[in-house]
Each structure stands twice: as C-alpha cells, then as structure tokens.
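Enquirer: Under this note's numbering, the sequence shown is numbered contiguously, ending at residue 1095. Pasting a structure here, questions to come.
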Amino acid sequence: MDFARQLAEESGALIRRYFRTGYAVEQKADASPVTIADRGAEELMRGRIQASYPNHGILGEEYGVHQPDADYRWVLDPIDGTKNFISHSYLFGTLIALLKDGRPILGVIHQPIVRDFLIGNGAGAWLNGQPVRVSPCHRVEDAVLLTSDHWNPFEYQNGPAFEALTKRVLRYRTWGDCHGYQLVATGGAHIMTDPVMNEWDYMALIPVIEGAGGRITNWQGDDPLMGSGIVATCGTIHDEVIRLLNP
C-alpha cells in the first residue's frame, strides 16, 4: 500500500503543476482528449514501477502494455476524467490497480486537487487513512444514482431502461468518472453506472467498492472482468438495479 500511495502522491504533484494552466490538448485516435499531464503522470508511474518491480507488467491508458504475461501487473489511468481536467474542474482522479494472475488485489482512487486518497484491497477500504463503508439503502426509490454521461447508455446499452431508472430513484446526478465510484464507496451515493469502460477505467474500482462493502459487476450483473460496462452499488439493491437495466 505504501508504494501505491507513493505513485499517487508523486503523479498527483505533477498533475497539480498543470491544473488550470495553459497546455495543448490533443485528440487521440478514439477522439478522446489527452494532455501533457496525462502523459507525464503515466510516464512517472511507469518509471517508478519498472525501477522498483522490474518483473511486474504494466497496462496504461497512454502508453499501452509492458510485460503482459507477468504474474503481477499494474493498470494505470493517469487522469480519469480528462475532460473535467481540461475544463478546470477538480472532479477527476488517478486510478491505480495491482493485479495478480489477472485479478485486481489493490485499487487506488486519488483525487490530486482535493488530495483524497482512497485505497481498497477487497477486504477493506480507507479514505485518507480512515475506514469507509457504503451507505445502506434497501429501495431503489431511496437511492442516489450517478453516471458519467447521460447519453452513453443509449449508445452502448439499453438507453430506455436506464432512462426509466433515472426517473425511479430519489436523486440522479452526472457526477461521473472515478469521483462517482468514490461517492458510492464512501456512502455519498448508492448506484454508479458506466455503460462502456476500458481495463484502466475499472480495474482499480473493484477492490475499492468491494472493500467498502459494495458490489460491482458488469452491466448484465456478471464478473466485471467480462467487460460490457460497470455497475457499482451499495450492494443491497444491486440485483434489482441489474434487473431494471436489463428488462
């Protein structure tokens, strides 16, 4: 855990140097934006990992795969929420996961501007050193639902079913990316959904949500490693949420 914290703190310091300053924004092949802060933070973390754990593999959003067959692999998203970052919003974060034999055993959500450090290992989760738990909720009608982009479910999953869910819950907000999953893990929300995600988007979330007592699956309620989006909840209403999203 100490090494993961070091990665988060050092990459966070680099990201803070660029926040709300002038920098170029490039468009990647998939039309998503990238900045010098994204690339610099990932380069820094990769360098630290390769120096300390040369036999470990790495998968990062910006620089791809290194030693993909290693028993231990780090999965990195230097800035999860780059669109927020370039819009001068502090609601973005760095995601760091450590995998053993393909499954995440440690996950970090670090928000470098507010300096929140959330870490989970599947058996527990801690925000800035204090244990956190999901907030109990026993009815969908009492739940706070979050997502990153309201329109993505219409493109990648069952949009009308998602729309119906937004009208059934107590409150619905687009507080997305890793910030939304942090809110579920720390009790501020009960449901967080993303209809399409890459490995670097979700690997770190699994130990955090499970460590906080929640549940996390793909959109259809199966193992999140199967892909096809992510649904994270406080746990008690998870099965009903999955049923409503897949009528």
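Note that beta-carbon positions come from the ideal geometry of N, C-alpha and C, so glycine has one too. Since we're looking at a predicted model, the values are computed, not measured.
(1) Which whole-angstrom value is the C-beta distance of G1035 and V962, which I expect to be below 8 Å?
(2) Out of curiosity, what's the CA-to-CA distance linking L993 and T1022?
(3) DSSP on E858, reduced to helix/strand/coil?
(4) From the DSSP output, which residues share a beta bridge with P1055?
(5) Quick one: Cα of A1080 to Cα of G1028, how far?
(6) Q812: buried (16+ other C-beta within 10 angstroms of its C-beta) or exposed?
(7) Quick one: using the 10 Å Cβ neighbour count with 16 as the cut-off for buried, is G1100 buried or exposed?
(8) Could you check if N976 is buried or exposed, using at least 16 other CB atoms within 10 Å of its CB as the buried criterion?
(9) What residue range does the beta strand (DSSP E) around Y920 cover?
(10) If you run the structure through DSSP and keep just helix, strand and coil, what is Y871?
(11) Taking the straight line between their C-alpha atoms, what separation do you get for D1025 and E1047?
(12) Start and end of the beta strand (DSSP E) containing W974?
(13) What residue range is occupied by the uninterrupted beta strand (DSSP E) comprising Q959?
(14) Along the chain, where does the beta strand (DSSP E) that runs through A945 open and close?
(15) With DSSP collapsed to three states, give me the class of M1045.
(16) Roughly how far, in whole angstroms, is the beta-carbon of V1089 from the beta-carbon of I1054, given that I think they are within contact range, below 8 Å?
(17) Classify P916: buried if its beta carbon has 16 or more other beta carbons within 10 angstroms, exposed otherwise.
(18) Return the CA-CA distance between F1010 and H958, expressed in angstroms with no decimal places.
Expert: Well, looking at it:
(1) As a working note, residue 1035 is residue 187 in the sequence shown. As a working note, residue 962 is residue 114 in the sequence shown. Incorrect: roughly 17 Å between the Cβ atoms, too far for contact.
(2) If you number the sequence shown from 1, residue 993 lands on position 145. If you number the sequence shown from 1, residue 1022 lands on position 174. Cα to Cα, L993 sits roughly 8 Å from T1022.
(3) By 1-based counting over the sequence shown, the position of residue 858 is 10. DSSP places E858 in helix when its eight states are reduced to three.
(4) Within the sequence shown, numbered from 1, the residue matching residue 1055 stands at position 207. Beta-bridge pairing links P1055 to no other residue.
(5) Residue 1080 sits at position 232 when you count from the first residue of the sequence shown. Residue 1028 sits at position 180 when you count from the first residue of the sequence shown. Roughly 9 Å separates the two Cα atoms.
(6) It is not possible to answer for residue 812, since the shown part of the chain is limited to 849 through 1095.
(7) A question about residue 1100 goes unanswered here, because the residues of the chain that appear run from 849 up to 1095.
(8) Translated into the one-based positions of the sequence shown, residue 976 becomes position 128. Looking at its Cβ environment, which holds fewer than 16 other Cβ atoms inside 10 Å, N976 is exposed.
(9) On the sequence shown, residue 920 is found 72 positions in, with the first residue counted as 1. Where Y920 is concerned, the enclosing beta strand (DSSP E) stretches over 920-928.
(10) The residue given as residue 871 occupies position 23 in the sequence shown. Coil at Y871, not helix or strand.
(11) Here residue 1025 corresponds to residue number 177 of the sequence shown, with the count starting at 1. Here residue 1047 corresponds to residue number 199 of the sequence shown, with the count starting at 1. Going by the C-alpha atoms only, they are around 14 Å apart.
(12) Position 126 of the sequence shown, counted from the start, is the residue given in the question as residue 974. Unbroken beta strand (DSSP E) run through W974: 973-975.
(13) As a first step, residue 959 must be located in the sequence shown, where it is residue number 111. That run of the beta strand (DSSP E) goes 951-959.
(14) Numbered from 1 along the sequence shown, position 97 holds the residue referred to as residue 945. Start and end: 941-948.
(15) For the purposes of this step, residue 1045 is taken as the residue at position 197 of the sequence shown. Note: M1045 maps to coil in three-state DSSP.
(16) For this step, residue 1089 is matched to residue 241 along the sequence shown. For this step, residue 1054 is matched to residue 206 along the sequence shown. Actually they do not touch by this definition, with Cβ atoms about 17 Å apart.
(17) Numbered from 1 along the sequence shown, position 68 holds the residue referred to as residue 916. P916 is exposed by the Cβ-count criterion.
(18) The sequence position of residue 1010 within the sequence shown is 162, counting from 1. The sequence position of residue 958 within the sequence shown is 110, counting from 1. Answer to the nearest angstrom: the Cα atoms are 28 Å apart.
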